[in-house]
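Residue numbers (the UniProt record's numbering): 1 to 438.
No residue lacks a Cβ here, since even glycine has one placed at the ideal position from N, Cα and C.
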Ligand SMILES: C=CC1=C(C)c2cc3[nH]c(cc4nc(cc5[nH]c(cc1n2)c(C)c5CCC(=O)O)C(CCC(=O)O)=C4C)c(C)c3C=C
Ligand SMILES: [Fe+2]
């Protein structure tokens with residue numbers, strides 16, 4: 001099993017819908033040749049045994065040997081995602097097992113110049129950390145011994161960022177406020193924000209290390225507005241690559257657009273030649289903290305739970321048959337003459353063909369913040385979806401779900417944010433430079 005798991009991780013392609021990779025996708029995650037100061041090794045072949053250092057020869061010999069002989073990283077630790085590129089990392093990257101979402105507000109008096117300096121600082125830091133190198137100043141040591149572990153740091157701007165930096169004329173229409181939905185129970189203190197940072201990694205310490213470094217590098221320029229912490233299944237936890245499950249136990253992410261599909265880029269990334277040149281290659285992230293009413297959900301029989309979604313719980317296959325990737329037969333009727341996939345089933349209502357083609361890339365983290373004051377689990381989904389235009393992605397689908405989704409009685413939308421995520425930085429550039437300096 002261990003060897004099998006290692007083989008999976010080594011072969012791990014990028015698939016945002018899977019926490020441990022999956023077929024049909026492209027990837028930038030690779031085995032790292034670079035690592036943190038004290039990590040001299042590269043992973044090499046999957047399953048490579050670490051170099052055993054004997055006790056004989058005493059501490060000095062041990063230290064000398066440790067200096068000279070590389071120690072093999074596990075394949076999880078050695079996953080590295082490129083910081084520079086056409087798009088920012090953390091969008092099509094395979095879902096990671098640890099995540100932090102943080103929104104910042106610019107401090108009073110911090111305008112465009114300070115924001116530009118902050119983005120320059122943050123970008124340089126993110127590039128170092130994602131390569132597995134320590135933060136250049138005051139590294140806390142929390143991630144020592146670990147490789148990059150597929151760390152990604154992704155930056156976005158909220159609507160208010162543009163007013164604070166005097167850039168209202170360059171604010172894209174896609175940042176117009178989301179409409180209210182009847183199921184919203186939004187806490188403004190945990191919603192919105194001038195800046196948004198998404199951190200993901202396949203190691204909890206590596207993710208936390210990046211979070212602290214980013215927070216400290218904000219200095220006096222920006223203050224944390226809210227922070228949310230999430231998780232997904234660890235790579236290698238399952239015997240074969242699988243779509244991850246959420247805290248309701250459902251396989252979640254099956255029908256995500258795949259990078260291999262011809263319309264993937266058009267759906268997820270802003271193309272060249274639209275409204276604002278600085279936005280080319282960017283995307284919009286809708287972030288919703290969705291509490292799951294798990295006590296109520298877990299009282300339902302498995303058959304009822306499956307009816308709510310329209311898919312089997314065990315393997316994610318449609319109730320109309322086949323396997324996980326079989327399309328839902330939405331027209332199929334049961335012996336009672338009713339559709340097998342109910343009219344209000346979540347998978348039916350959210351399907352692109354029911355929403356004028358509206359599609360989004362869902363890349364969430366689960367969260368669990370203990371027990372709420374009402375004695376029920378404060379747990380659910382940090383729902384993050386990516387699209388080229390929220391008005392053609394999240395908004396129409398959520399409108400439809402809001403009107404009659406069988407899943408709604410088991411959910412509570414508690415916080416919301418909409419952020420524009422600029423395209424990736426080229427070498428020598430920082431994220432957002434084309435907005436802040438042109
Ligand atoms: C507005 C968009 C969506 C919200 C909010 C949302 C919340 C949400 N969904 C699940 C569980 C599942 N969702 C599934 C499919 C699915 N969901 C959305 C959109 C939202 N979900 C879409 C676009 C789709 C794909 C539809 C399709 O193309 O067929 C599924 C089925 C498996 C899958 O395809 O991923 C599950 C399960 C939860 C628990 C939740 C809120 C907490
Ligand atoms: Fe969904």
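Decide if residue 320 is buried, meaning its Cβ has at least 16 other Cβ atoms within 10 Å, or exposed. With a threshold of 16 other beta carbon atoms within 10 Å, residue 320 meets it and is buried.
Write down the C-beta distance between residue 330 and residue 348 rounded to the nearest angstrom, noting that I regard them as a contact closer than 8 Å. About 6 Å; that satisfies the 8 Å criterion.
Check each candidate in 280, 114, 263, 261 and name the one with the smallest Cα separation from residue 270. Taking only the C-alpha atoms, the option nearest residue 270 is 280.
Residue burial classification, residue 171 (beta-carbon count within 10 angstroms, cutoff 16): So residue 171 ends up on the buried side.
Using a Cβ-Cβ cutoff of less than 6 Å, which residues in the same chain neighbour residue 376 once the five nearest sequence positions on both sides are dropped? Within the same chain, 295 come within 6 Å of residue 376 by CB-CB distance, once the 5 residues on both sides are set aside.
For the alpha helix (DSSP H) holding residue 399, just list the boundary residues, first then last. For residue 399, the enclosing alpha helix (DSSP H) starts and ends at 394 to 404.
Taking buried to mean at least 16 other C-beta atoms within 10 Å of its own C-beta, is residue 189 buried or exposed? Exposed.
Nearest candidate by alpha-carbon position, reference residue 308, set 337, 286, 242, 409: When only C-alpha atoms are compared, the closest one is 409.
For residue 30, three-class secondary structure by DSSP: Residue confidence for residue 30 is low, a pLDDT of 43 falling below 50, so the modelled location carries little weight; the figure read from the coordinates is stated next. When DSSP states are grouped into helix, strand and coil, residue 30 belongs to the strand group.
From the DSSP output, in three-state form, read off residue 139 for me. Residue 139 falls in the coil class under three-state DSSP.
To the nearest angstrom, report how far apart residue 148 and residue 74 are at their CA atoms. Straight-line measurement puts the Cα of residue 74 at about 11 Å from the Cα of residue 148.
For residue 292 and residue 120, I'd like the C-alpha separation in whole angstroms. Cα to Cα, the separation comes out at about 38 Å.
Examine the Cβ distances between the segment 224 to 239 and the segment 83 to 98 and report whether three or more of them are shorter than 8 Å. The segment 224 to 239 vs the segment 83 to 98: in contact.
Residue environment, residue 288, which counts as buried when at least 16 other CB atoms sit within 10 Å: Buried, because 16 or more other Cβ atoms sit within 10 Å of the Cβ of residue 288.
DSSP three-state label for residue 164, please. Looking at residue 164 - three-state DSSP - the assignment turns out to be helix.
Residue 226: which of 220, 196, 202, 200 sits nearest, CA to CA? Out of 220, 196, 202, 200, the CA that lies nearest to the CA of residue 226 is found in 196.
Bridge partner(s) assigned by DSSP for residue 371: Paired residues: 377.
Whole runs of the alpha helix (DSSP H) within the segment 342 to 369, excluding any shorter than 4 residues: Within the segment 342 to 369, the complete alpha helix (DSSP H) runs of at least 4 residues are 346 to 349.
Quick check on the burial criterion: 16 or more other C-beta atoms within 10 angstroms. Buried or exposed for residue 343? Classification for residue 343: exposed.
Which residues bound the beta strand (DSSP E) around residue 156? Annotation: the continuous beta strand (DSSP E) that includes residue 156 extends over 152 to 157.
Using 8 Å for Cβ pairs, my map puts residue 431 next to residue 88. What's the rounded Cβ distance? Contact between residue 431 and residue 88 holds: CB atoms are separated by about 7 Å, below the 8 Å threshold.
Which term fits residue 283, buried or exposed, when burial requires 16 or more other beta carbons within 10 angstroms of its beta carbon? Within 10 angstroms of the beta-carbon of residue 283 lie 16 or more other beta-carbons, which makes it buried.
How should residue 64 be labelled, buried or exposed, when 16 other C-beta atoms within 10 angstroms of its C-beta is the threshold for buried? Note on residue 64: pLDDT 44, under 50, position unreliable in the model; the coordinate value appears next. Classification of residue 64: exposed, given that the 10 Å Cβ count is below 16.
Hey, is the segment 173 to 191 in contact with the segment 411 to 420, meaning 3+ C-beta pairs nearer than 8 Å? With the cut-off at 8 Å, the segment 173 to 191 and the segment 411 to 420 touch.
Helix, strand or coil: which one does DSSP assign to residue 306? Helix at residue 306.
Buried or exposed for residue 322, please, with buried defined as at least 16 other CB atoms from any protein chain shown within 10 angstroms of its CB. In this structure residue 322 is exposed. Its beta-carbon is surrounded by fewer than 16 other beta-carbon atoms within 10 angstroms.
Less than 7 Å between the CB of residue 413 and some heavy atom of ligand 2, yes or no? It does not: the Cβ of residue 413 is nowhere closer than 7 Å to a heavy atom of ligand 2.
Can you tell me the Cβ-Cβ gap for residue 326 and residue 339, rounded? I've got them flagged as a contact below 8 Å. Cβ-Cβ separation between residue 326 and residue 339: approximately 16 Å, too far for a contact (criterion under 8 Å).
Close beta carbons around residue 355, own chain, < 7 Å, minus the five adjacent residues each side: Only residues of its own chain outside the window of five on either side were considered, and among them 396, 397, 400 have a CB closer than 7 Å to the CB of residue 355, listed in chain order.
Close beta carbons around residue 214, own chain, < 8 Å, minus the five adjacent residues each side: Exclusion of the five residues before and after residue 214 leaves 102, 122, 125, 126, 153, 197, 199 as the residues of its chain whose Cβ lies within less than 8 Å of its Cβ.
Comparing the CB of residue 407 with every heavy atom of ligand 1, is any distance shorter than 7 Å? Residue 407 Cβ: within cutoff of ligand 1.
Closer than 7 Å: is that where the CB of residue 269 sits relative to any heavy atom of ligand 1? Answer for residue 269: no, Cβ out of range of ligand 1.
Report yes or no: do three or more beta-carbon pairs, one from the segment 377 to 391 and one from the segment 170 to 184, lie closer than 8 Å? Verdict: yes, contact present.
Classify residue 118: buried if its beta carbon has 16 or more other beta carbons within 10 angstroms, exposed otherwise. Buried, since its Cβ has 16 or more Cβ neighbours within 10 Å.
Please find out if some non-hydrogen atom of ligand 1 comes closer than 7 Å to the beta-carbon of residue 325. No.
Contact belief for residue 346 with residue 406 at Cβ below 8 Å, rounded distance in angstroms: Confirmed, Cβ separation roughly 6 Å.
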